[in-house]
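Peer 1:
What follows is the structure in C-alpha cells.
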C-alpha cells in the first residue's frame, strides 16, 4: 500500500490474514488452526470508522454531513497546533520536537516493533508510518509550506476526515512499549508520536477509548477507581480478603487501612482486588510476616494506583498523580509503594515526578525492591522446593525498559524458583505483552482479538519457546507477570489460544510465588486453575 | 602559483566562503538555541541510562529501597564519550543493518573528515601567516604534521564520501523500506554530496595533489588578500560553500541534537527535589493557560487550576 492511501476512500486498508502472521511454535505451528479476528457486523461498520484494518479500538462515529466532516478535520488541526505550542504542551514539547525534526527514516526501528513484525510487516503498523503522516500534515497545514517545497520534501498529503479518523485509530495500534525508541541511534521516539496523537484526540476532540477515559480516568476521579470500586465497596473487599487469607493460610491478619503515619502507603491497581485478589492478599501476608509498617488507603482514588492519563491525556495524568500524592500527604505516610502494576509505577514514580511540587512531592518507590529485601535477607522463611515447576518472567515495559527495575524480581525468582528460566530477549530488551498503553483493558468490539493475534503474538511466541522442552500438559508451568495490565493481556491471550488447556501454562504475579514458598503456610497458595 | 582567474572570481569565492561559514554557524546556533529553550518536560527516560551504576544490564536507582537517600552520581563524560565513539563506528547500524551501514559509514566518515580537513586548512593557514611553513620537508615538525594531516583527511574524505554517497543512494533506491519513505530532497542531497566529494577528488588527483591551494586560499581569507585558484579547486570550494549553506535546511543537525536527545530526554532522570531549581521551573509552567477544548478540560484556566 502507498503512504497516501490513509486518506483514500478504500473499504479497508489492510486485512490481517493468518498466513501473513509470524509463525508460532508447537503446538500452534499450523496456520490453518489460527483463530481469526472476529469480523465486524455491518451495523458496526456503518456506525463507526473501521476502515483502517477492520478493527475498532476507539469507535469514532462516522460523520453524517459534510459540515461534520469539516468540523472533525478543523478540530484535529486546532489540536495539532496546540500540541506544538509551549503553553499547551510543555509536558512533552521537547521530545516531540526532536522526534518530528530529526528522524532520518533509516527504518532501523522497524524490527523492534512487535505489532509490525507479528502482523507480517503491514505498512500501517510500521513505527515510522504515523510520524510520517503527522509530519506531512504539519508541513502542509501548520507550517503551510509552499507546494513545490512540499513535493520536494515528500510532504504531499490531502487531509480529510477519513485520514484523521484512521490516524486516531492507528494511534491505538502502538502499545507505547518504546522498543522502537530504544534502538534509534538518533534518540527519535516514534512511540511518543502515537502518545501525542492520542492527546490531540482526547484533549481537543474529546475522543478516547471509553475504557481509558469515561470509565477510566473520569470514573477514577469521581468514584475512586476505574473499576467502579467505591470506598464503601473497598471495605467489603478488605473484609473478604481477611477471611480468605484465614481460610487459605490459617493466618489471622488485620489489613491496615488509613493508618496515619505508617511507613508505607501501598497502592495497588484496583483491578487486582476484583480479578486477582490473591495478589493483594499475598502482599498483606508478606508485609505482615516481615513486620512492615504499612497501610492501604480508603480515600477516593487512594486505593487505585492506575493512572491511565499517562497513555492519552496529560491533564488527566496530572490530576490523578496529584490526587494520589494528596492522599499520601494527608495520611502522613513516609512513602508510597506501588504494587504490581507497571504503568502505575511509571506514571506515579517517574512521569509524575515533574507535576508533583512542594508538599505533594512525597517519596515514591516500587514494591519490588522491598520484596527483594524481604526475600533475599530471609526476613520470611521460604522453601523453594514448593515452587519446583518451570517459571519464566515477563518484563513489564513500564517497570523495566522505562524505569530500569530489572534485577529485584529476578533475584527473588532465582532464590525461590529452582526452575526459573529467561525468555529471549528479556530485561530492558523485552517485548511488550501486547496489552500496553491501555490495550489490556480495552474491550471494544473486535479489538481484544487484534491484541491477541497481533500485538500479543510475539509475547506468546516467547512464552511457548521458553517452555518448549516442557510444553506438554503433563508439566505445569508459570508465567510470572508482576503487572496487572500485563496479567490481563496474558489472561486474554491465553484464553484466545486455549494455552492453559493445551499447554498447562498458568500466569500470575510475583508475590503469589513468594507466599507459595512460605514454610508456615501448609496448603499451596497458588491454585492451579484457570481464572 | 599560477592565477587563472579574474579578480572578480577571487572576491566572489572569498565572499561566498565567508558567507557560507557565517551562515551555517548562525543557522545552526538559531536551531540549537530554539531546541534548548524548549521548556522542561515530563520525565521520559529510557533504560539503560548511561550514568547508572547498573548500566550494563539497564538497571536504575529504582532497584533500591529509599532510592532518594542514595547519592546520585552523574558522569556526563561517560555519556559524551559513548556518543562520540558511536560517531566513528555507527555501531547500531552495523549491528542491525549491515547493508545500510556499508553506505552510511563511508558517507559519514566523508563528512567527519571533510570538516576536519577544512578546520586543519584554517589552522594550517594560521600557521603559515605566523611564519611556519606547511610542507613535507618543513623545518617545523608542526608544519610536517599539519601537511600530512591535511592531505590524509582531505583525500580520505573525498574518497570515502564519494563511495558512501553512491552506496547510500543505491540503498535508498533498491531497499523498499528506505525507498518508500525517501523524499526527492533526500536523493538530491545524496547527489549533491556525491558531486561535492567528487569535485574534491578530481581537484586533488588532477590539479592539486598536495592540496596546497586550499591552504593558500585560507591564507588569503585570513589576510584579506584573496588569491585565485585553479578552476577545479574553485569549483570544489564553491560547491562546498553551497553545501554548507544547504546543510541547515536538512536534518544534518542531528549530529548535535543527538547529544541533546540523549542527555535531555533519554538519559534525563534528574529527580525533582523539593525547593529545588527544577521545582521553580515546573511551578512556572503550571501558570501556562490551557487552550485545549476537550470537554473535561477547563479551557482558559492554567495547569494549576485544572
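Chains as they are written, first to last, in the working numbering: chain A, 1 to 531; chain B, 532 to 837. Even for Gly, the Cβ is constructed at its ideal location relative to N, Cα and C.
Does the beta carbon of residue 638 of chain B come closer than 8 Å to any beta carbon on chain A?
Peer 2: Along the second chain, one-based indexing puts residue 638 of chain B at 107. Not one chain A Cβ lies under 8 Å of residue 638 of chain B.
Peer 1: In this structure, what does DSSP give as the bridge partners for residue 267 of chain A?
Peer 2: For the purposes of this step, residue 267 of chain A is identified with residue 267 of the first chain, where counting begins at 1. According to DSSP, which records beta bridges pairwise, residue 267 of chain A is partnered with A:338.
Peer 1: So is residue 754 of chain B buried or exposed if we call it buried at 16+ other beta carbons inside 10 Å?
Peer 2: Sequence index remark: in the second chain, residue 754 of chain B carries index 223 (1-based). The residue is exposed, with fewer than 16 neighbouring Cβ atoms inside 10 Å.
Peer 1: Looking at the structure shown, is residue 575 of chain B part of a helix, part of a strand, or coil, going by DSSP?
Peer 2: Position 44 of the second chain, counted from the first residue, corresponds to residue 575 of chain B. If DSSP states are grouped into helix, strand and coil, residue 575 of chain B belongs with coil.
Peer 1: Check whether the Cβ atoms of residue 659 of chain B and residue 665 of chain B lie closer than 8 Å to each other.
Peer 2: Position 128 of the second chain, counted from the first residue, corresponds to residue 659 of chain B. Position 134 of the second chain, counted from the first residue, corresponds to residue 665 of chain B. Yes, Cβ-Cβ distance for residue 659 of chain B and residue 665 of chain B is below 8 Å.
Peer 1: Are residue 468 of chain A and residue 25 of chain A touching if we call contact CB-CB under 8 Å?
Peer 2: Here residue 468 of chain A corresponds to residue number 468 of the first chain, with the count starting at 1. Here residue 25 of chain A corresponds to residue number 25 of the first chain, with the count starting at 1. It is a contact, given that the beta carbons lie within the stated cut-off.
Peer 1: Quick one: list the residues of chain A neighbouring residue 550 of chain B, beta-carbon separation under 9 Å, in chain order.
Peer 2: By 1-based counting over the second chain, the position of residue 550 of chain B is 19. Correct list: empty, because the minimum Cβ distance to chain A is about 22 Å.
Peer 1: Beta-carbon within less than 6 Å of residue 691 of chain B's beta-carbon, same chain only, minus the 5 sequence neighbours each way: which residues are those?
Peer 2: Position 160 of the second chain, counted from the start, is the residue given in the question as residue 691 of chain B. Excluding sequence neighbours, residue 691 of chain B sits near 637, 640 and 641.
Peer 1: Taking a cut of 7 Å between CB atoms, which residues from the stretch 82–94 of chain A lie near chain B?
Peer 2: So the list reads 82, 86, 87, 88, 90, 91, 92, 93 and 94, given in the order they occur along the chain.
Peer 1: Check the Cβ of residue 795 of chain B against every Cβ in chain A and list those closer than 8 Å, keeping chain order.
Peer 2: In the second chain, the residue the question calls residue 795 of chain B occupies position 264. Near residue 795 of chain B (Cβ distances below 8 Å), the residues of chain A are 94.
Peer 1: From A:530, A:512 and A:531, pick the residue whose C-alpha is nearest to that of residue 524 of chain A; which is it?
Peer 2: Residue numbering aside, residue 524 of chain A sits at position 524 when the first chain is read from its first letter. For the residues A:530, A:512 and A:531, the minimum Cα distance to residue 524 of chain A belongs to A:512.
Peer 1: Kindly indicate which residue of A:51, A:33, A:32 and A:221 has the alpha-carbon position closest to the one of residue 41 of chain A.
Peer 2: The residue given as residue 41 of chain A occupies position 41 in the first chain. Taking only the C-alpha atoms, the option nearest residue 41 of chain A is A:51.
Peer 1: Hey, quick one: how far does the alpha helix (DSSP H) through residue 58 of chain A stretch, first residue to last?
Peer 2: Numbered from 1 along the first chain, position 58 holds the residue referred to as residue 58 of chain A. Neither: residue 58 of chain A is in no alpha helix (DSSP H) and is coded neither H nor E.
Peer 1: Taking contact to mean 3 or more Cβ pairs, one atom from each stretch, closer than 8 Å, check whether the stretch 755–767 of chain B and the stretch 800–809 of chain B are in contact.
Peer 2: Counting Cβ pairs under 8 Å, fewer than three are found: no touch.
Peer 1: Within a Cβ cutoff of 6 Å, which residues of the same chain sit near residue 347 of chain A, ignoring the five residues on either side of it in sequence?
Peer 2: Along the first chain, one-based indexing puts residue 347 of chain A at 347. Closer than 6 Å at Cβ, skipping near neighbours: 307 and 310.
Peer 1: Quick one: does residue 223 of chain A have its CB under 8 Å from some CB of chain B?
Peer 2: Within the first chain, the letter at position 223 stands for residue 223 of chain A. So no, residue 223 of chain A is outside the interface.
Peer 1: Any beta carbon from chain B within less than 8 Å of residue 14 of chain A's own beta carbon?
Peer 2: Locating residue 14 of chain A in the first chain gives position 14, counting from the first residue. No, its Cβ sits nowhere closer than 8 Å to a Cβ of chain B.
Peer 1: Less than 8 Å separating the beta-carbons of residue 569 of chain B and residue 203 of chain A?
Peer 2: Within the second chain, numbered from 1, the residue matching residue 569 of chain B stands at position 38. Within the first chain, numbered from 1, the residue matching residue 203 of chain A stands at position 203. No; because the gap between Cβ atoms is not below 8 Å, this pair is not in contact.
Peer 1: Give, in chain order, every residue of the stretch 414–439 of chain A whose Cβ lies closer than 7 Å to some Cβ of chain B.
Peer 2: The residues in question are 427 and 428.
Peer 1: Residue 534 of chain B to residue 540 of chain B, Cα distance in whole Å?
Peer 2: Here residue 534 of chain B refers to the residue found at position 3 when the second chain is read from its first residue. Here residue 540 of chain B refers to the residue found at position 9 when the second chain is read from its first residue. Bear in mind that the predicted position of residue 534 of chain B carries a pLDDT of just 47, short of 50, making it unreliable; the figure below should be weighed with that in mind. If you take the alpha carbons of residue 534 of chain B and residue 540 of chain B, they lie about 11 Å apart.
Peer 1: Is the shortest distance between the beta-carbon of residue 403 of chain A and the beta-carbons of chain B less than 8 Å?
Peer 2: On the first chain, position 403 is the one that residue 403 of chain A refers to. It does; some Cβ of chain B falls within 8 Å.
Peer 1: Consider the C-beta atom of residue 100 of chain A and the heavy atoms of the ligand HEM; say whether any pair is separated by less than 7 Å.
Peer 2: No copy of the ligand HEM occurs in the structure displayed, which carries no ligand at all.
Peer 1: Please list the terminal residues of the continuous alpha helix (DSSP H) segment that includes residue 707 of chain B.
Peer 2: The residue you call residue 707 of chain B lines up with position 176 of the second chain. Looking at the DSSP string, the run of the alpha helix (DSSP H) that includes residue 707 of chain B is 707–712.
Peer 1: Just to confirm my understanding: we take residue 120 of chain A, look at its own chain, exclude 5 residues before and 5 after, and list those with CB closer than 6 Å. What are they?
Peer 2: On the first chain, residue 120 of chain A is found 120 positions in, with the first residue counted as 1. The answer, listed in chain order, is 20 and 21.
Peer 1: DSSP state of residue 784 of chain B, grouped into three classes?
Peer 2: The count along the second chain starts at 1 and reaches residue 784 of chain B at position 253. In the structure shown, residue 784 of chain B sits in coil (DSSP, three-state: anything other than H, G, I, E or B).
Peer 1: Exposed or buried, what is residue 199 of chain A when buried is set at 16 or more other beta-carbons lying within 10 Å of its beta-carbon?
Peer 2: Sequence index remark: in the first chain, residue 199 of chain A carries index 199 (1-based). Residue 199 of chain A should be labelled buried.
Peer 1: To the nearest angstrom, how far is the alpha carbon of residue 536 of chain B from that of residue 149 of chain A?
Peer 2: On the second chain, position 5 is the one that residue 536 of chain B refers to. On the first chain, position 149 is the one that residue 149 of chain A refers to. Confidence is the limiting factor: at residue 536 of chain B the pLDDT is only 49, short of 50, which leaves the residue's position unreliable and the question unanswerable from this model.
Peer 1: Grab me the residues of residue 1 of chain A's own chain with a C-beta within less than 8 Å of its C-beta, minus the 5 sequence neighbours each way, in chain order.
Peer 2: Position 1 of the first chain holds residue 1 of chain A. If we look at residue 1 of chain A and ignore the five residues flanking it on each side, its Cβ neighbours are 13, 14, 123 and 124.
Peer 1: Cutting at 8 Å between CB atoms, please list the residues of its own chain near residue 350 of chain A, excluding the five before and the five after it.
Peer 2: The residue you call residue 350 of chain A lines up with position 350 of the first chain. Excluding positions up to five away in sequence, the list reads 402 and 403.
Peer 1: Would residue 357 of chain A pass as a contact of residue 676 of chain B if the rule is Cβ separation under 8 Å?
Peer 2: On the first chain, residue 357 of chain A is found 357 positions in, with the first residue counted as 1. On the second chain, residue 676 of chain B is found 145 positions in, with the first residue counted as 1. No, they are not a contact pair.
Peer 1: Whose C-beta lies closer than 8 Å to the C-beta of residue 586 of chain B among residues of the same chain, with five residues either side of it excluded?
Peer 2: In the second chain, the residue the question calls residue 586 of chain B occupies position 55. Within the same chain, residue 586 of chain B has close Cβ partners 579 and 580.
Peer 1: Could you work out which residues of chain B lie near residue 363 of chain A, taking near to mean beta carbons separated by less than 8 Å?
Peer 2: If you number the first chain from 1, residue 363 of chain A lands on position 363. 597 and 599, listed in chain order.
Peer 1: By how many angstroms is the C-alpha of residue 191 of chain A removed from the C-alpha of residue 179 of chain A?
Peer 2: Residue 179 of chain A sits at position 179 when you count from the first residue of the first chain. Residue 191 of chain A sits at position 191 when you count from the first residue of the first chain. C-alpha separation (whole angstroms): 8 Å.
Peer 1: Give me the Cα-Cα distance between residue 105 of chain A and residue 516 of chain A, rounded to the nearest whole angstrom.
Peer 2: Taking the first residue of the first chain as 1, we reach residue 105 of chain A at position 105. Taking the first residue of the first chain as 1, we reach residue 516 of chain A at position 516. Near 49 Å, if we compare the C-alpha coordinates of residue 516 of chain A and residue 105 of chain A.
Peer 1: Should residue 187 of chain A be labelled buried (16 or more other beta-carbon atoms within 10 Å of its own) or exposed?
Peer 2: Locating residue 187 of chain A in the first chain gives position 187, where the first residue counts as 1. Flag for residue 187 of chain A reads buried.
Peer 1: Which whole runs of the alpha helix (DSSP H) in the stretch 284–331 of chain A are 4 residues long or more, in chain order?
Peer 2: The stretch 284–331 of chain A contains these whole alpha helix (DSSP H) runs: 309–312 and 314–331.
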